[in-house]
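Chemist: Position in the sequence shown (first residue = 1) + 334 = this note's numbering. Attaching a single structure in structure tokens format; questions to follow.
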Amino acid sequence: MIRHSAEDAQSYTQDLLKWQEEQSQADLRRRQATSSHDGSSAAAQAPVRSRAGKAPAPAHSNDTGVADNEGEWRAKGNAEFKAGRYDAAIEAYTRALAAKATAAGYGNRALAHLRSGDAGKAEEDARQALRVDASFLKAWQRRAAARRALGRPLAAVADLEEALRLEPTSKVLAAERLACIAEAEAAEGIKPLTTWRRIPGSQAGQEAAAAAAAAVAQRMSKPGTLPPPRTGTELELAWRGLRGDAAAQAAYLAALDPPRLPTLLGAALTAPLLASLAQAALAALLPEQPSHAVAVLEGLAATPRFRVVAMCMAGAQRAELRGAWDAAAAAAAAARGPDLAGRLAAARRAFGL
335 MIRHSAEDAQ SYTQDLLKWQ EEQSQADLRR RQATSSHDGS SAAAQAPVRS RAGKAPAPAH
395 SNDTGVADNE GEWRAKGNAE FKAGRYDAAI EAYTRALAAK ATAAGYGNRA LAHLRSGDAG
455 KAEEDARQAL RVDASFLKAW QRRAAARRAL GRPLAAVADL EEALRLEPTS KVLAAERLAC
515 IAEAEAAEGI KPLTTWRRIP GSQAGQEAAA AAAAAVAQRM SKPGTLPPPR TGTELELAWR
575 GLRGDAAAQA AYLAALDPPR LPTLLGAALT APLLASLAQA ALAALLPEQP SHAVAVLEGL
635 AATPRFRVVA MCMAGAQRAE LRGAWDAAAA AAAAARGPDL AGRLAAARRA FGL
């Protein structure tokens, strides 16, 4: 069953009230203009208004008439929607779109289709709205809702990512994104990432942990002496010790066997680790060992939970990766040949960047 947030409903109502106020002001201006027009009666020139149970006048051949007709059908659709008569609202919105196709019109009809339970038509209307105006936030949100209802949570996550670009502070959009990610994990049989909580320990225990971390950091300063990681946890711990050292990161990645990455990482792959490994492969390793760097990216993309984890990357991480990929693609195209450039482009598509 499709869920609709209180924020979406409140936003829709606010838009409706704003539009009604604008229509009232426009009607007043038209009546004033009509009363001053020579040789025309007020009755003949009065604008057609939407009334319950009365269909709007047919569209005229001039632009003003078409606009009036579209507005009145839209008003009727809004009234039917508020009353919960979604089929009637869809019919009215369809007539409004026939008079004038707008992103808001497609968005209105998409929401009505969602409420009536037709997610397929809702997705198509949202797509048409985005074709008219790609910056229309509600179209991204409604297409995400439709795709989620159609059992395609990862596609919904992609739409919610775009919506969050337009409204980064929306808690509702962020919550919907996390819910879709959870559904995608469940659909693919992937256990959710474990949430860790720091538990205060004894002073002796903390000192022992600090000493162990220092020892690991010292070993990390000489990547060539490190044995290959046996588990994803070992890889992650080693990688943390190399933070901030691009040369050491490149050397460590160069020592990895890319085909083993899917088995090695398994369910241990997290969004921050994925972003960091990919960033280092592109920026630090690719200039020196381009073929191995691309193989690392391909190995990461083949891990079991890759698609879901890639969607979990934060916006800032995705932006950094896009920049690194742009630079790497330019270098590959200029100096490395078409085969490497093609593999790099395919890996980028897999990352959804």
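Glycine residues also receive a C-beta, built at the ideal position from the N, C-alpha and C atoms.
With distance defined between alpha-carbon atoms, name the residue in A605, L488, R499 and A617 nearest to A518.
Modeler: Answer by Cα proximity: L488.
Chemist: Could you pull out every residue in the same chain whose Cβ sits closer than 7 Å to the Cβ of L448, ignoring the five residues on either side in sequence?
Modeler: Counting only Cβ-Cβ distances below 7 Å, and skipping sequence neighbours, we find I336, A456, R476, A479 and A480.
Chemist: How many Å lie between A681 and A433 at the Cα?
Modeler: Whole-angstrom Cα-Cα distance: 44 Å.
Chemist: Which stretch, first to last residue, makes up the alpha helix (DSSP H) that contains A617?
Modeler: Where A617 is concerned, there is no enclosing alpha helix (DSSP H), given that its DSSP letter is neither H nor E.
Chemist: What is the DSSP secondary structure of A417, reduced to helix, strand or coil?
Modeler: DSSP places A417 in coil when its eight states are reduced to three.
Chemist: Can you check whether the CB of L603 is closer than 9 Å to the CB of L655?
Modeler: Not a contact, by the Cβ cut-off of 9 Å.
Chemist: Taking its Cβ as the centre, do 16 or more other Cβ atoms sit within 10 Å of T637, making it buried, or is it exposed?
Modeler: Buried, by the Cβ-count rule.
Chemist: Write down the C-beta distance between M645 and L608 rounded to the nearest angstrom, noting that I regard them as a contact closer than 8 Å.
Modeler: In fact, because the Cβ distance is near 11 Å, the residues do not count as touching under 8 Å.
Chemist: For L498, which residues from the same chain have a beta carbon less than 8 Å from its beta carbon, with the 5 sequence-adjacent residues on both sides left out?
Modeler: These residues qualify, in order along the chain: S504, L507, A508, R511 and G649.
Chemist: Since A584 and E622 are thought to touch, with beta carbons under 8 Å apart, how far apart are those beta carbons, to the nearest angstrom?
Modeler: At roughly 6 Å, the Cβ-Cβ gap stays under 8 Å, so A584 and E622 are in contact.
Chemist: Going by C-alpha distance, which of R408, P502 and G575 is nearest L431?
Modeler: Checking every option, the nearest Cα to that of L431 belongs to R408.
Chemist: Go through the segment 464-494 residue by residue and report every complete run of the alpha helix (DSSP H) that reaches 4 residues or more, in order.
Modeler: 471-483, all fully within the segment 464-494.
Chemist: Within 10 Å of its beta-carbon, does E406 have 16 or more other beta-carbons around it, so buried, or fewer, so exposed?
Modeler: That one is buried.
Chemist: To the nearest angstrom, report how far apart L484 and R443 are at their CA atoms.
Modeler: Going from the Cα of L484 to the Cα of R443 covers about 17 Å.
Chemist: Along the chain, which unbroken stretches of the alpha helix (DSSP H) at least 4 residues long are found entirely within the segment 562-617?
Modeler: DSSP runs (the alpha helix (DSSP H)) wholly in the segment 562-617: 566-575, 580-589, 595-599 and 605-614.
Chemist: Pick helix, strand or coil for G676, following the three-state DSSP scheme.
Modeler: DSSP places G676 in helix when its eight states are reduced to three.
Chemist: Thinking C-alpha only, which one of Y420, L634 and G578 is nearest D452?
Modeler: The option with the nearest alpha carbon to D452 is Y420.
Chemist: Would you kindly report the start and end of the unbroken alpha helix (DSSP H) that includes A444?
Modeler: Segment A437 to S450, the alpha helix (DSSP H) holding A444.
Chemist: Flag this pair as yes or no: are the beta carbons of A580 and A520 separated by less than 9 Å?
Modeler: Cβ atoms of A580 and A520: not closer than 9 Å.
Chemist: Compute the distance between the beta-carbons of G411 and A446, then report whether it is under 9 Å.
Modeler: Their beta carbons are under 9 Å apart, which means G411 touches A446 by this criterion.
Chemist: Going by beta carbon distance, what residues of the same chain come within less than 8 Å of T567, once the five residues before and after it are set aside?
Modeler: Excluding residues within five positions, the ones whose Cβ falls inside 8 Å are A602.
Chemist: Please list, in chain order, all residues of the same chain as L569 whose beta carbon is under 6 Å from its beta carbon, the five residues on each side excluded.
Modeler: The residues are P563.
Chemist: Going by beta carbon distance, what residues of the same chain come within less than 8 Å of E496, once the five residues before and after it are set aside?
Modeler: Closer than 8 Å at Cβ, skipping near neighbours: W474.
Chemist: Which residue wins for smallest C-alpha separation from L634, given the options V642, A422 and P596?
Modeler: Ranking V642, A422 and P596 by Cα distance to L634 puts P596 first.
Chemist: According to DSSP, is A509 part of a helix, a strand, or is it coil?
Modeler: Three-state result, A509: helix.
Chemist: Residues in the same chain with beta-carbon distance under 6 Å from F685, minus the five sequence neighbours each way, listed in chain order, please.
Modeler: Within the same chain, F685 has close Cβ partners A644.
Chemist: In terms of residues, what are the limits of the alpha helix (DSSP H) holding G633?
Modeler: Unbroken alpha helix (DSSP H) run through G633: P624 to A635.
Chemist: Need the endpoints of the alpha helix (DSSP H) that A644 sits in, please.
Modeler: Looking at the DSSP string, the run of the alpha helix (DSSP H) that includes A644 is F640 to C646.
Chemist: My assumption, with CB atoms under 8 Å, is that L587 sits in contact with A614. Please give the rounded CB distance.
Modeler: Yes, L587 and A614 are in contact; Cβ-Cβ is about 6 Å, under 8 Å.
Chemist: State yes or no: is the C-beta of G441 within less than 9 Å of the C-beta of A423?
Modeler: No, they are not a contact pair.
Chemist: Figure out for me which residue from P502, A426, R683 and G454 has the closest Cα to the Cα of L471.
Modeler: The residue with the shortest Cα to Cα distance from L471 is P502.
Chemist: Give the DSSP-derived three-state secondary structure of A367 in the structure shown.
Modeler: With a pLDDT of only 48 at A367, under 50, the local geometry of the prediction cannot be trusted, and no value is derived from it.
Chemist: Compare the C-beta of S504 against all C-beta atoms of chain C and say whether one is closer than 9 Å.
Modeler: In the structure shown, chain C cannot be found, because there is only a single protein chain.
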